[in-house]
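Read in the working numbering, the sequence shown has 109 at position 120, and its numbers run on one by one without any break. Ideal Cβ placement from N, Cα and C applies to all residues, glycine included.
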Amino acid sequence: MLHGRTLLLLLLLAEVGHADSLTVAVASNFARPAHELAERFEKTSGHELRITTASTGKLYAQIENGAPFDILLAADKERPLLLEESGLGVAGSRFTYAVGSLVLWSRDPALSNADCRAQLDKLGKKRLAIANPATAPYGVAALQFLQAAGAWEAVQPRLVFGENIAQTLHFVASGNASLGLIATAQARDARLPESTCHWPVPRSMHEALEHQVILLERASGKKAATDFLAYLRTGDARDVITANGYEMDN
């Protein structure tokens, strides 16, 4: 008969044996909440979660070229759909985990208490930072907004493109650009310097920034991956996501 301590040790070893590691590709805008979610998930599941961040377009290209990711947390719905259609993503595993938005933001002292929106019409020699529309969904939304506002042609010569939305924020927070179209969630980061002006971009002026997650085919049989997808649907995960400045689709 097994002694109590021996039995407990065997049970703990069995639990560790079921733990798994997981590599998640995360769109740059979602890096901060992703790390918080990872920490909570690891504590409750025992699994280890590793995060790689970049623009959605860059992550998508890496997956196409065989990058060893298990899950993609994209900042759009188009690339997860393409992965599903190509067989690189597991059919039926896609769902929307967050909905983002844009804000026009500045920390330029010259724009203290200025009307941020009005500055687009009188940009002059100032620079405007946006994410690269070719790789970043927030860049696409910024482009759509500027076109809808009738400002695209006028601001093009003054644009500074970030490889992703994180680099875009760096440009404007460091003063390399006077204004920037960044993620609302980024603007809510307490570590960010206080803005001199900001203006929420109406969501009606760009396509919805619907963020979707997809399980990648290489991880179709990995319990840690399906456990993490299930965790993203929990109230605990939703609380983290909304607390970081995102909305949910339902």
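Notebook entry, point to check: If we call anything under 8 Å between Cβ atoms a contact, is residue 216 one with residue 36?
Noted result: yes
Next item on the list: Tell me whether residue 228 is buried or exposed, calling it buried when 16 or more other Cβ atoms sit within 10 Å of its Cβ.
Entry: exposed
Checklist line | 7 Å Cβ shell around residue 214 - same chain, five flanking residues per side excluded | finding: 11, 59, 60, 204 and 208
Next item on the list: Identify whether residue 10 lies in helix, strand or coil by the three-state DSSP scheme.
Entry: strand
Margin query: Using DSSP's beta-bridge definition, name the partner residues of residue 52.
Written below: Per DSSP, none; premise fails for residue 52.
Note to self: Classify residue 73: buried if its beta carbon has 16 or more other beta carbons within 10 angstroms, exposed otherwise.
What the structure shows: buried
Margin query: Using a 10 Å radius around the Cβ and a threshold of 16 neighbouring Cβ atoms, would you call residue 191 buried or exposed?
Written below: exposed
Check: What is the rounded straight-line gap between the Cα of residue 234 and the Cα of residue 93?
Finding: 15 Å
Item checked: Where residue 126 sits in the DSSP three-state scheme -> helix
Note to self: Among the candidates 14, 147, 13 and 18, whose CA atom is the shortest distance from the CA of residue 156?
What the structure shows: 18
Check: Between which two residues does the beta strand (DSSP E) carrying residue 199 extend?
Finding: 198 to 204
Check: Within 10 angstroms of its Cβ, does residue -1 collect 16 or more other Cβ (buried), or is it exposed?
Finding: A caution first: residue -1 carries a pLDDT of 41, below 50, which makes its placement in the model unreliable, though a value can still be read off. It is exposed - the Cβ of residue -1 has fewer than 16 other Cβ atoms within 10 Å.
Notebook entry, point to check: Where are the alpha helix (DSSP H) runs, 4 residues long or more, that stay fully inside the stretch 150 to 193, in chain order?
Noted result: 154 to 162 and 173 to 176
Check: Taking the continuous alpha helix (DSSP H) assigned at residue 227, which residues delimit it?
Finding: 224 to 232
Next item on the list: Count the C-beta pairs between the stretch 104 to 122 and the stretch 138 to 152 that are closer than 8 Å, then say yes if the count reaches three, no if not.
Entry: yes
Notebook entry, point to check: So, helix, strand or coil for residue -10, using DSSP?
Noted result: Summary for residue -10: the model assigns pLDDT 43, below 50, so the residue's position carries little reliability; its value from the coordinates is reported in the next sentence. Residue state, collapsed to three classes: coil.
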